[in-house]
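Working notes for the structure below.
There are 2 protein chains.
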Amino acid sequence: MSRPTRRVTIADVASYAGVTKTTVSRVLNNKGELSPETRARVLQAVEHLGYRRSRIARSLATDQTFLLGLIVPSISSEFFTEIARGAEDAAWENEYKILLCNTEGDWDREEGMFLFLEDIQADGIVVCSPRLPEDRLMPLVEQFQNVVVVNGQGIAWRELAGAIETADAEGMQLAVNHLLASGRRNLTYVGGPPDARVSTERYLGFVNALEAAGYAPNPAWHTTCHPADLNGGYQAVRQLKHVLHEIDGLVCFNDLVAAGALRACAELGIRVPDDIAITGCDDIQLATLVHPQLTTLQTPKHEIGALAVKMLLERIGGQRKHETIIIHQRLIIRESAP
Amino acid sequence: MSRPTRRVTIADVASYAGVTKTTVSRVLNNKGELSPETRARVLQAVEHLGYRRSRIARSLATDQTFLLGLIVPSISSEFFTEIARGAEDAAWENEYKILLCNTEGDWDREEGMFLFLEDIQADGIVVCSPRLPEDRLMPLVEQFQNVVVVNGQGIAWRELAGAIETADAEGMQLAVNHLLASGRRNLTYVGGPPDARVSTERYLGFVNALEAAGYAPNPAWHTTCHPADLNGGYQAVRQLKHVLHEIDGLVCFNDLVAAGALRACAELGIRVPDDIAITGCDDIQLATLVHPQLTTLQTPKHEIGALAVKMLLERIGGQRKHETIIIHQRLIIRESAP
DNA sequence: CTGAAAGCGCTTACAG
DNA sequence: CTGAAAGCGCTTACAG
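Chains as they are written, first to last, in the working numbering: chain F, 759 to 1096; chain P, 759 to 1096.
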């Protein structure tokens, strides 16, 4: 159709407004003192000409792309999509954009994403990597200037990266204490994938809370889910079938697992919460959609995403006010464990 | 740690190799005649200095970013992830990268993605938009130079965009004819979301095939799923409960729906394929994981993704060899409808 | 409060 | 087969 019309540049705006490029650039960036009239005239010219600043030229001049990478192991889980929303919101507020990179939990893809983001000259990365082993994650983080790691618990990032960690053990304690307070004594943990750092942390919290109260977990009941989703939880609890009558509390790795547990119990004719109380973790929407509704630990997912990019932005700005931020969970009591 | 070390540029490489930037650029781009010695010397310098070409500077000079957007309504479905892989493979082969943009089926987000890709100056977009209405999709496509639409059936893109469409009606015909040939007479279509163009197309194919053979669908049996996933299929077939004994063939919108149908039948004590034969569509992995395994239509998902970016690349290169490519499906006969 | 000019790191006619 | 130089569209000291 129309031949490749020449792009309208800052020079066009400048000449239309009767000023120099410098001035135009200043109003575009809100920098320096400008007379209100000049500013208005420039803005008008921008409007009139339909000018849109070239991100690329700007990047070359400033050595910033205003692009941030967000690496997640899955995008079909509400946990990560909520984090992503939080990250996007915080990024937009600061004129940054988020590149969402899904690794499907694949280690090679994760490394690939770092390379990709480096190639594209992203200004920073927030990486949610619950499983990549430390010795593979560390070099990537070292190589890249600005990164914030979400839930890389137990890894000493030192100055290398910012960190956001949920206080998993503490959260589990909340859940366990609640169950104990309501008279439950025979609890077991329905864990996530054994290689997930968060799952280990949660298990530790579970055990500690139990022992602090003078009880101990029954190793024979211990079970894990992989993947940690609805079906995983369902299968895990089905496997507990023959001992389920001895148990009166299931502390689940997350809400999906808990929902699966719920389904298994229903099938096995076990009443929740009468026979067994069940707690989840994270408080995703599903928690209130299942029957009975889940007692769970609320993880501020949106906030985690937002905080992560704020930390990242600080680092990019050279500030590093925070090295590590600990996120606390809150117990939400609903029907599955009143 | 190390202070911000100055980037190694093409000039560094040039001086190290004892040539000009022009020459370095030439070997980097494999352009023009170079003496083998010079080339080798440059390559060596590149290696020695660890030079990495700046994508941004290159983009500014060439007005190309080598970035392609792939807009999909969902990323948790194997159908789209396979398309994405195909697209990525084809893109990589040509030194392009894919930016995966998930809209969650949200129309506003979809428009937002176009804007984002424009802002970022992506060279082209392939958009899988099964639901966005034509009058919202069209302006976006018009505005953007290079786009290829996947499964925008029934929309006349003219020169505006390339198109890849599956021959849905034809595929359905294959399925229906197979069921008829195996003696089934009382078939019904378990549809996808009513606003999904593909679902309508498939329904048309279903009806036509039936009528061509002298039969007609029973409108009372017609049902749709939203969303078109496992649970959707399950619910849809449960609703057919009271008429299910009159039906001997379920032609499902896709494999997920078919798997849901399978589950519902199992629960209702209906034997597949003895009482009812079931066909799916797309041939995702799940098709062979369920029991009985699904007879289905194989859609070449990876190929669709790859073809889409190839078409896009042609358009970017100014060629436009193809305006529309029709993809044909193949019937895969398995247990659910032998 | 506003400009002139150099620079970011590439590519690409144009010469030779 | 190789170079010198201009240009891509911005930003940013440095002056005034």
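We treat Cβ as the ideally placed atom computed from N, Cα and C, and that holds for glycine.
Spell out whether any CB of chain F is found under 9 Å from the CB atom of residue i.
i, result
"P/Thr-1046", "no"
"P/Leu-825", "yes"
"P/Thr-839", "yes"
"P/Met-759", "Reliability of the predicted coordinates at P/Met-759 is poor, the pLDDT of 32 falling under 50, and the value obtained from them is presented with this limitation in mind. It does: the Cβ of P/Met-759 has a partner Cβ on chain F nearer than 9 Å."
"P/Asp-877", "yes"
"P/Lys-1059", "no"
"P/Ser-783", "no"
"P/Ser-1094", "no"
"P/Phe-874", "yes"
Could you check the C-alpha separation between residue i and residue j for me, to the nearest Å?
i, j, result
"F/Ile-814", "F/Thr-823", "8 Å"
"P/Thr-861", "P/Ser-887", "9 Å"
"F/Gln-1077", "F/Asn-1012", "35 Å"
"P/Leu-858", "F/Gly-1075", "28 Å"
"F/Gly-819", "P/Ser-957", "This sequence places Ala at residue 819 of chain F; Gly is not what is there. Going from the Cα of F/Ala-819 to the Cα of P/Ser-957 covers about 49 Å."
"F/Arg-761", "F/Asn-904", "Confidence in F/Arg-761 is poor, its pLDDT being 40 and thus under 50, which makes the residue's placement unreliable; the coordinate value appears in the next sentence. Rounded to the nearest angstrom, the two C-alpha atoms are 42 Å apart."
"P/Val-934", "P/Phe-837", "22 Å"
"P/Thr-924", "P/Glu-1072", "20 Å"
"F/Arg-1088", "F/Gly-929", "7 Å"
"F/Ile-1034", "F/Leu-932", "18 Å"
"P/Asp-1040", "P/His-1086", "11 Å"
"P/Gly-1137", "P/Ser-817", "Beyond the ends of chain P as shown, which are 759 and 1096, falls residue 1137 of chain P; an answer cannot be given."
"F/Gln-901", "P/Tyr-809", "15 Å"
"P/Cys-983", "P/Glu-959", "15 Å"
"F/Ser-1094", "F/Pro-1050", "5 Å"
"P/Leu-1098", "P/Lys-855", "With chain P covering 759 to 1096 only, the question about residue 1098 of chain P has no answer from this structure."
"P/His-1080", "P/Val-1067", "12 Å"
"P/Ala-880", "P/Pro-952", "33 Å"
Any Cβ of chain P within less than 9 Å of the Cβ of residue i?
i, result
"F/Asp-866", "no"
"F/Arg-810", "yes"
"F/Val-885", "no"
"F/Leu-858", "yes"
"F/Ile-1028", "no"
"F/Glu-869", "no"
"F/Ile-833", "yes"
"F/Phe-1011", "no"
"F/Glu-1025", "no"
"F/Leu-818", "yes"
"F/Glu-862", "yes"
Do residue j and residue i come within 9 Å of each other at the CB atom, strictly closer than that value?
i, j, result
"F/Lys-1063", "F/Asp-877", "Here residue 1063 of chain F turns out to be Gly, not Lys, going by the sequence shown. Against a cut-off of 9 Å, the Cβ pair of F/Asp-877 and F/Gly-1063 comes out as no contact."
"P/Gly-1007", "P/Leu-945", "yes"
"F/Leu-826", "F/Leu-1070", "yes"
"F/Ala-1104", "F/Val-965", "The question about residue 1104 of chain F has no answer here: the residues shown for chain F are numbered 759 through 1096."
"P/His-1060", "P/Gly-920", "no"
"P/Leu-962", "P/Asp-987", "no"
"P/His-936", "P/Thr-1053", "yes"
"F/Ile-829", "F/Phe-872", "yes"
"P/Val-1001", "P/Thr-1037", "no"
"F/Ser-812", "F/Thr-778", "no"
"F/Leu-895", "F/Val-885", "yes"
"P/Glu-892", "P/Ile-922", "no"
"P/Leu-1026", "P/Arg-996", "yes"
"F/Thr-781", "F/Val-800", "yes"
"P/Ala-994", "P/Val-948", "yes"
"P/Ile-1090", "P/Leu-1044", "no"
Alpha carbons only, please: which of the options is nearest the one belonging to residue i?
i, options, result
"P/Arg-1021", "P/Val-1009, P/Tyr-992, P/Asp-987", "P/Tyr-992"
"F/Val-908", "F/His-984, F/Thr-1082, F/Ala-880, F/Phe-874", "F/Thr-1082"
"F/Gly-882", "F/Pro-1031, F/Gln-1043, F/Gly-910, F/Leu-918", "F/Leu-918"
"P/Gly-972", "P/Thr-981, P/Arg-1029, P/Leu-938", "P/Leu-938"
"F/Gln-708", "F/Asp-770, F/Ile-833, F/Pro-831", "Here chain F comprises residues numbered 759 to 1096, so residue 708 of chain F is not present and cannot be evaluated."
"F/His-806", "F/Ala-772, F/Ile-1005, F/Gln-911, F/Leu-1047", "F/Ala-772"
"P/Thr-981", "P/Glu-1004, P/Gly-950, P/Asn-989, P/Ala-970", "P/Gly-950"
"P/Asp-864", "P/Gln-1043, P/Ala-927, P/Tyr-854, P/Ile-833", "P/Ile-833"
"F/Pro-1031", "F/Leu-1047, F/Ile-1042, F/Ile-1005", "F/Ile-1005"
"P/Arg-765", "F/Tyr-774, F/Ala-775, F/Asp-821, F/Gly-790", "F/Asp-821"
Is residue i close to the ligand GDP? I mean its beta-carbon at under 8 Å from any heavy atom of the ligand.
i, result
"F/Leu-890", "Questions concerning the ligand GDP fall outside what the structure shown contains, since it holds no ligand whatsoever."
Chain-ordered residues of the stretch 790-816 of chain F with a beta carbon less than 9 Å from chain P: Arg-810, Ser-812, Arg-813, Ile-814, Ala-815
The stretch 1067-1084 of chain P: positions lying closer than 7 Å to chain F by Cβ: Residues of the stretch 1067-1084 of chain P with a C-beta atom less than 7 Å from some C-beta of chain F do not occur.
Positions along the stretch 962-974 of chain P whose CB lies within less than 9 Å of some CB in chain F: none
Residues of the stretch 845-857 of chain P with a CB closer than 8 Å to any CB of chain F: list them in chain order, please. Lys-855, Leu-857
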